[in-house]
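Asker:
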Amino acid sequence: MKSHRRDGFGRRDFLKASLAVAGAPTVVAAATGVAASMADTAAAAAEPPPPASAAKASAAVDAVSDAILRISREVWATPELSLEEEKSAEIHLRELRAAGFTIVSIGTSGTPTAFVAEWTQGTGGPKIGFLPEYDALPGLGNAAEPRETPGPTGVEVGHGCGHNLLGAGCTGATFALKQMMTDSGTPGTIRVYGCAAEETQGVKVYMARDGLFDDMDACLAWHPAPITATGLLRTAAADIVRIDFYGRTAHAGVAPWEGRSAQKAAEMFGIGVNFMREHIEPTSRLHYVYPRMGEAANVVPDRAQALIMIRDADRERVVAMTAWVRQIAEAAAMATQTRAEVDHFFGLHDLLPNETLAGQINRHLHAVGLDWTDEEQAFARACQAASGLPEKGLATDILPMLPEITTGGGTDVGDVSYNTPTGLFGWTTMPLGVGLHTWPVTACGGMSIGDKASLDTARVMAGVGYDLMTDADLRAAARADFDRRRGGRAYVPPIPPERKRPDGIPEHLLLRDGTGEFVDQLYRTEYVYR
């Protein structure tokens, strides 16, 4: 896979050093920790009554199961990094077209591998959105075997976060929901957001800035996990800032006084950040790397770069800390007589939970349930043995509703949740004790454990989607909880207005957005950018 570079800093390096939704494994770990403390009460907790729509949703998913599994398996077999998901996005688009959806936008919000698709019946009616993701991770290619061994495309790239399953479940749910609405004559609009680059600079933030969620009654999503649960999980807001320092080179042994070290400026910036730590709130997180420093000890470096992530419980705190970090960068440059360029290139909101949607999702989770074969449990235990973990297999219980807890991780679903009521849940796709962004996740995602997750999560979301389409009181309650939690705060996009698209989009894809001049006409006229 080609590595696209910017100022000497590879996209692969950025992927490893940036958000990655570094939140995803942290979120799952936090939820798992809470879940473990609740394990003793899980069996005693009364299961909620199954919704009337659950059986219809299950049957509708059965009818479209071939399409769902095609998406999951093909995306798994052709893994692509963030912003490079050409084949993966096209797999979703192919199946959406075949299912009768209209492709409203491709290259949405300046991101060539993002899209929006819709299906509408009747006039008026609710609008429910779904959030498939489909990007993979570097170094996690693995076969569908319970051991570390190269997958279909080697070890270079693999679905170690299970986005092949996530995407298939979300898009597949829309096929089933469409059938349910057709059978009942229910008016409404189903919207599918092709959410590119979740692992780095998630396009949901750009979509939110462009107002693409403003008219929705609700959005639904899920994420692979070692547990199956929903609840009132909150995630952190974040900013990612790149600081480039520019100095003057010189011979470090003969005439160092003639130089001005950009590396010293970067080091002083790090010292300033660490002195700052004593005076920030316990919920705050600051972590940084130096992607670029000097290359030869006898040359005064004239270029250096720091990449820092700033996290806290909400946007207000993050904005304040980002302003402080900017001051530290400028002060470090002044102290070393260098120059600092501060590029705040990405950010995201904290996740607003929705108690109404979580409660309805919980009912459907219990209605679907977990059912593993002996072979699947043996596969899971073999993965655990190969990873040096206790051989406990796969989780078998749906956990009680998680209480309101806040994690240090973040997700771009947060920006959706500030614009419309949003329901999110985790579903078991990996053995207990296994973390996201590891090879067993890729392995399980390419066999029957992953197939079941794609189908079962589609059942849950199709059922909840149908409930929202047909129950005005449920929609009103979800909106009321959304309004209460948002508290009248206006949504302010966390990315600067001058930032038109994510960093690091491959050059051949950028040709399609109007910068390619006459080359644009060679691409399909269906491509619409907004």
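In numbering that gives the first Met the number 0, the protein residues as written are 0 to 529. Yeah, the Cβ is synthetic: ideal placement off N, Cα and C, and Gly gets one too.
Going by alpha carbons, who is nearest to SER453 out of LYS86, LEU165 and TYR133?
Answerer: Among LYS86, LEU165 and TYR133, the Cα nearest to that of SER453 is on LEU165.
Asker: Any idea what DSSP makes of TRP221, helix, strand or coil?
Answerer: Strand.
Asker: Whose C-beta lies closer than 6 Å to the C-beta of MET180 among residues of the same chain, with five residues either side of it excluded?
Answerer: So the qualifying residues of the chain are GLN120.
Asker: Please state the DSSP three-state secondary structure of TRP371.
Answerer: The answer is coil: DSSP assigns TRP371 none of H, G, I, E or B.
Asker: Starting from LEU285, trace the beta strand (DSSP E) both ways and give me its first and last residue.
Answerer: Start and end: 284-291.
Asker: Who does ASP238 pair with in a DSSP beta bridge?
Answerer: Paired residue(s): ILE309 and GLY346.
Asker: For the beta strand (DSSP E) holding LEU558, just list the boundary residues, first then last.
Answerer: Because the chain in this structure spans residues 0 to 529, residue 558 falls outside the shown range and cannot be described.
Asker: Considering only their Cβ atoms, is the gap separating GLU197 from GLU132 smaller than 7 Å?
Answerer: For GLU132 and GLU197, yes; Cβs fall inside 7 Å.
Asker: Does the distance from the CB of THR185 to the CB of THR428 come in under 7 Å?
Answerer: No, Cβ-Cβ distance for THR185 and THR428 is not below 7 Å.
Asker: Three or more C-beta pairs closer than 8 Å, one from the region 264-277 and one from the region 388-399: is that the case here?
Answerer: In short, these stretches do not touch, since the Cβ pair count stays below three.
Asker: Please say whether MET292 and ALA334 have beta carbons closer to each other than 7 Å?
Answerer: It is not a contact, given that the beta carbons lie outside the stated cut-off.
Asker: Compare the C-alpha of PRO151 against each of ASN141, ASP134 and PRO145 and name the closest.
Answerer: Selected option, being the one with the closest Cα: ASN141.
Asker: Among ILE189, ASP65, VAL253 and VAL103, which residue has its Cα nearest to the Cα of MET460?
Answerer: Here the closest residue by C-alpha is ILE189.
Asker: For the beta strand (DSSP E) that TRP426 lies in, which residues bound it at each end?
Answerer: It spans 421-427 - the beta strand (DSSP E) in which TRP426 sits, taken as one unbroken run.
Asker: Between MET320 and ILE239, how many whole angstroms is the CB-CB distance? I'm expecting something under 8 Å.
Answerer: With 8 Å as the limit, MET320 and ILE239 do not qualify as a contact, their Cβ atoms being about 12 Å apart.
Asker: Quick check on CYS532: does DSSP put it in helix, strand or coil?
Answerer: Any property of residue 532 remains undetermined from this structure, which presents the chain solely from 0 to 529.
Asker: Using three-state DSSP, classify ALA471 as helix, strand or coil.
Answerer: ALA471 falls in the helix class under three-state DSSP.
Asker: What are the boundary residues of the beta strand (DSSP E) that ILE102 is part of?
Answerer: Note, ILE102: beta strand (DSSP E), 101-105.
Asker: GLY258 and ARG247: beta carbons closer than 7 Å?
Answerer: Yes.
Asker: According to the Cβ coordinates, are ARG338 and TYR192 closer than 7 Å?
Answerer: No, the pair does not count as a contact, with Cβ atoms beyond the cut-off.
Asker: Might you give, ordered along the chain, the residues of its own chain that have their beta carbon closer than 7 Å to the beta carbon of ALA330, omitting 5 neighbours on each side?
Answerer: Cβ within range, chain order: GLY271.
Asker: Could you check whether GLY138 and ALA457 sit closer than 7 Å to each other, using their CB atoms as the reference points?
Answerer: For ALA457 and GLY138, no; Cβs fall outside 7 Å.
Asker: What is the rounded straight-line gap between the Cα of TRP221 and the Cα of LEU423?
Answerer: Between TRP221 and LEU423, the C-alpha separation is close to 5 Å.
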